[in-house]
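One structure is given below, encoded as C-alpha cells.
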Amino acid sequence: MVVANMTDFNVDNMKMRAQLKADGITEVKVLISHPMETGRKKDDFYQLIPAHFVQLLTATLNGQLVLEAQWGTGISKNPYLTFRLNGAAVGDIVSVTWHDNLGKTATQNIAVTPA
Amino acid sequence: MSGHMRQRRNFLQIVARALALGLMTPINVFAAIWNKAAFEALKLDEASNQLNVEVEIVSQEIDIIAPDLAENGAIVQVEVTSRIANTESMAILVENNPTPLIAHFTFTHGAEPYIVTRIKMAETSDIKVLVKVGDQYFSNTKNVTVLENGCG
C-alpha cells in the first residue's frame with residue numbers, strides 16, 4: 001500500500017464537491033494537495049527549492065469542457081477553486097484534471113448532488 | 001539524388017509541422033498551451049501585452065471581493081465575478097508580485113464567469129482582473145494591504 005505524500009499524487013489528492021443550488025446553478029469546489037513552489041524559496045541549507053506548481057487545470061461537465069485554468073506560481077499552496085456551471089442536473093458528472101510543471105497529473109470525477 | 005532526398009525529407013518535415021500546428025490550433029483555444037511568456041513576465045504591463053491586451057476599459061461590472069487587509073500574503077482569498085455579457089476569460093494579476101500574472105480562466109459551455117481562489121501576495125498591491133469579451137478587454141482593480149510577505 002502506497003502512502004500519500006507531497007510527491008505521490010493519488011486519488012486522495014483532490015477533494016471535490018458539486019452542488020446544484022435552488023437558483024439552478026451548480027457550484028463546484030475543488031481543493032488540491034500541491035506544494036505550489038515558486039522556485040524562489042530557499043530550504044534550510046540555503047538551496048533554492050525548484051519550482052513545482054500546477055500549470056493547467058481543466059474541468060468538464062459530462063465530458064464537455066467548461067473551464068480551462070492556466071496557473072502561475074502565485075496560486076497558494078494546496079490550491080482552492082470554486083466555479084459555477086449552468087445547465088447541470090443532479091447525477092451529471094463533473095471531472096477535474098490538473099497538470100503540473102514536472103509532468104505530474106491527477107483527475108477526479110464527482111456527481112452533481114442537490115444542495 | 002541525396003540532395004533530392006534531403007529536400008523531400010525537409011518538405012515532409014514542413015508538412016508534418018504544419019499538420020501539427022493545424023492540430024494544435026483548436027487545442028490552443030481551450031487547453032494544453034500554457035502561456036509561458038505571460039506567466040514569466042516580471043511587470044504587469046508586459047504580462048498584459050503577452051495576453052494580447054491593447055486597450056483596457058475600466059469596468060465596475062467586474063466585482064473583486066478580497067480583504068482590505070491581509071495578515072498573511074501566502075493565502076489571500078479572492079472572489080471574482082464578471083457581470084459583462086459574453087465574458088470569455090478572466091485573468092487575475094497582482095501588480096507588485098515578482099511575476100504578476102497569477103491565473104487565467106477560460107469559460108465555455110455554460111460556465112459562469114465566476115471564480116473563487118486563493119493567491120499569494122508578496123506585498124501591498126493592487127489586484128487587477130482582466131476580462132476578455134470578443135476583441136475587447138475590461139479591467140478593474142482592488143487594493144489589498146499585506147502585512148506579511150507571502151511569496152517566500
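These protein sequences, in sequence, are chains P and U. Note that our numbering numbers the first sequence so that position 115 is 115, with each residue one more than the last. Note that our numbering numbers the second sequence so that position 19 is 19, with each residue one more than the last. Glycine included, each C-beta is placed from N, C-alpha and C at the ideal position.
Item checked: Exposure of P/M6, with buried meaning 16 or more beta-carbon neighbours within 10 Å -> Your numbering for residue 6 of chain P matches position 6 in the first sequence. Only weak support is given to the placement of P/M6: the predicted model assigns it a pLDDT of 42, under 50, and the question is left unresolved by the model.
Notebook entry, point to check: Where are the alpha helix (DSSP H) runs, 4 residues long or more, that stay fully inside the region 37-61 of chain U, in chain order?
Noted result: 44-50
Note to self: Using 8 Å as the cut-off, can you tell me whether the region 118-138 of chain U makes contact with the region 84-101 of chain U, which would need three or more C-beta pairs spanning the two stretches below that distance?
What the structure shows: yes
Margin query: Mapping the DSSP letters down to three states, classify P/D12 as helix, strand or coil.
Written below: Locating residue 12 of chain P in the first sequence gives position 12, counting from the first residue. Helix, per DSSP.
Item checked: Near-chain U residues of the region 78-96 of chain P (beta-carbon distance less than 9 Å), N- to C-terminal order -> N78, P79, Y80, L81, T82, F83, R84, L85, N86, G87 and A88
Next item on the list: Verify the CB distance criterion: does U/T141 have a CB-CB separation below 8 Å to chain P?
Entry: For the purposes of this step, residue 141 of chain U is taken as residue 141 along the second sequence, with counting starting at 1. No - not a single Cβ of chain P is within 8 Å of the one on U/T141.
Check: Can you list the beta strand (DSSP E) stretches of 3 or more residues lying completely in the region 79-149 of chain U, in chain order?
Finding: At a cut-off of 3 residues, the continuous stretches assigned as beta strand (DSSP E) that sit fully inside the region 79-149 of chain U are 89-94, 101-107, 111-119, 125-133 and 136-146.
Notebook entry, point to check: What's the C-alpha gap between U/N97 and U/A103?
Noted result: Reading the second sequence from its first residue, position 97 is the one you call residue 97 of chain U. Reading the second sequence from its first residue, position 103 is the one you call residue 103 of chain U. Each residue's Cα considered, the two are about 13 Å apart.
Margin query: Any beta carbon of chain U sitting closer than 8 Å to that of P/Q64?
Written below: Taking the first sequence and counting its residues from 1, one reaches residue 64 of chain P at position 64. Yes - at least one Cβ of chain U is within 8 Å of the one on P/Q64.
Check: Can you name the residues of chain P whose CB is closer than 9 Å to the CB of U/V116?
Finding: For this step, residue 116 of chain U is matched to residue 116 along the second sequence. Under the 9 Å cutoff, chain P gives K29, Y80, L81, T82 and F83.
Next item on the list: With DSSP collapsed to three states, give me the class of P/K21.
Entry: Residue 21 of chain P sits at position 21 when you count from the first residue of the first sequence. In the structure shown, P/K21 sits in coil (DSSP, three-state: anything other than H, G, I, E or B).
Next item on the list: Rank U/L101, U/A74 and U/T87 by C-alpha distance to the C-alpha of U/K36 and give the top, closest one.
Entry: Position 36 of the second sequence, counted from the first residue, corresponds to residue 36 of chain U. It is U/L101 whose Cα lies nearest to the Cα of U/K36.
Notebook entry, point to check: With burial defined as no fewer than 16 other Cβ atoms inside 10 Å of the residue's Cβ, what is the status of P/W98: buried or exposed?
Noted result: As a working note, residue 98 of chain P is residue 98 in the first sequence. With 16 or more Cβ atoms within 10 Å of its Cβ, P/W98 is classed as buried.
Next item on the list: Establish whether the CB of U/K120 and some CB of chain P are separated by less than 8 Å.
Entry: What you label residue 120 of chain U is simply residue 120 of the second sequence in a count that begins at 1. Yes, because at least one Cβ of chain P sits closer than 8 Å to the Cβ of U/K120.
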